[in-house]
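Take the sequence shown: its position 83, counting from 1, is numbered 83 in the numbering used here, and each next residue is one higher. Beta carbons are placed, not taken as given, at the ideal position from N, Cα and C, and that holds for glycine. Everything numeric in this text was worked out from a predicted model, so none of it was measured.
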Amino acid sequence: MELLLFDQVAEVVLALTPEDLGEVKVRAHRRGVKVWFDTAKPTKEHYEVQQLARHYVDGSSGMAIEIGFHAEHADQERNEAVVAAVLGSEKQWRKILGEETEVAPFFGSDNWRRVSEAWIEPDLDDPELAFELASRLVDYLIAIEKARV
Numbered sequence: 001m002e003l004l005l006f007d008q009v010a011e012v013v014l015a016l017t018p019e020d021l022g023e024v025k026v027r028a029h030r031r032g033v034k035v036w037f038d039t040a041k042p043t044k045e046h047y048e049v050q051q052l053a054r055h056y057v058d059g060s061s062g063m064a065i066e067i068g069f070h071a072e073h074a075d076q077e078r079n080e081a082v083v084a085a086v087l088g089s090e091k092q093w094r095k096i097l098g099e100e101t102e103v104a105p106f107f108g109s110d111n112w113r114r115v116s117e118a119w120i121e122p123d124l125d126d127p128e129l130a131f132e133l134a135s136r137l138v139d140y141l142i143a144i145e146k147a148r149v
C-alpha cells in the first residue's frame, strides 16, 4: 500500500529532524501532519504542514499548503506571548527561513498565532513534494524550536 502524502511527510520529518531538538512526535492525518516534541500528546504549541482553502491565504479559490509553527492556546494573550518570544530571535531564524515566513494570526482563527508560510497550489502529484514539505518543516523545527525553548 502506498503511503498518503502526509504520511510520507511524517516519515521524512522523523528521519531528518536533528536529535538534539528532543524526542520528535508526529501525527499524520488526511489533510496534514502535526509535529511536536517530548510529550505523548500534541501540545498547543506545535509545527504543522496542512492543506487549507486558498481563500484564507489570498482570497482566491483553490488550495494551499501551510508550513510552520502554531500557537493555539485558547487565550489569545498567551499565543501572543509565545510568538513574542519567538520574535526575540527573529534575526537568527530569518537567516534559515527567509522573508517568506509570516508572523500573523492563524488562517481562519484570530485568537491563534502562526509563524509560517503558504505554498499556493502545489502539484500534489509531484513525487518530490513530500520530501520538499518535510524538509521545509524541518527548517522550521531547527530555526524556531531552539528560539522557543
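| message | Please classify E23 as buried or exposed, where buried requires at least 16 other C-beta atoms within 10 Å of its C-beta. | response | In the sequence shown, counting from the first residue as 1, residue 23 sits at position 23. It counts as exposed.
| request: Check whether the Cβ atoms of V49 and L129 lie closer than 7 angstroms to each other. | output: Residue numbering aside, residue 49 sits at position 49 when the sequence shown is read from its first letter. Residue numbering aside, residue 129 sits at position 129 when the sequence shown is read from its first letter. No, Cβ-Cβ distance for V49 and L129 is not below 7 angstroms.
| field | Three-state class that DSSP yields for A53 in the structure shown | value | Taking the sequence shown and counting its residues from 1, the one referred to as residue 53 is at position 53. Correct three-state label for A53: strand.
| task | Any chance you could list the beta strand (DSSP E) runs of at least 3 consecutive residues sitting entirely within the region 74 to 128, in chain order? | result | 102 to 106 and 109 to 120
| request: To the nearest angstrom, report how far apart D126 and K146 are at their CA atoms. | output: In the sequence shown, residue 126 corresponds to position 126, counting from 1. In the sequence shown, residue 146 corresponds to position 146, counting from 1. Linking D126 to K146 through their CA atoms gives a straight-line distance of about 31 angstroms.
| query | If you check the beta carbons only, do V83 and R113 fall under 7 angstroms apart? | reply | Within the sequence shown, the letter at position 83 stands for residue 83. Within the sequence shown, the letter at position 113 stands for residue 113. Yes, the pair counts as a contact, with Cβ atoms nearer than the cut-off.
| request: Can you grab the Cα-Cα spacing for the pair M1 / D7, in whole Å? | output: Position 1 of the sequence shown, counted from the start, is the residue given in the question as residue 1. Position 7 of the sequence shown, counted from the start, is the residue given in the question as residue 7. Below a pLDDT of 50, predicted positions are generally treated as unreliable, and M1, at 43, falls in that range; the measurement from the model is reported next regardless. Rounded to whole angstroms, M1 to D7 spans 12 angstroms at the Cα level.
| As assigned by DSSP and simplified to three states, the class of M1 | Along the sequence shown, read from residue 1 onward, the residue named residue 1 stands at position 1. In this predicted model, M1 has a pLDDT of only 43, less than 50, meaning its place in the structure is not dependable; the value taken from the coordinates is given anyway. Residue state, collapsed to three classes: coil.
| message | Taking a contact to mean a Cβ-Cβ separation below 7 angstroms, would you say K25 touches W36 in this structure? | response | Locating residue 25 in the sequence shown gives position 25, counting from the first residue. Locating residue 36 in the sequence shown gives position 36, counting from the first residue. Yes. Within cutoff.
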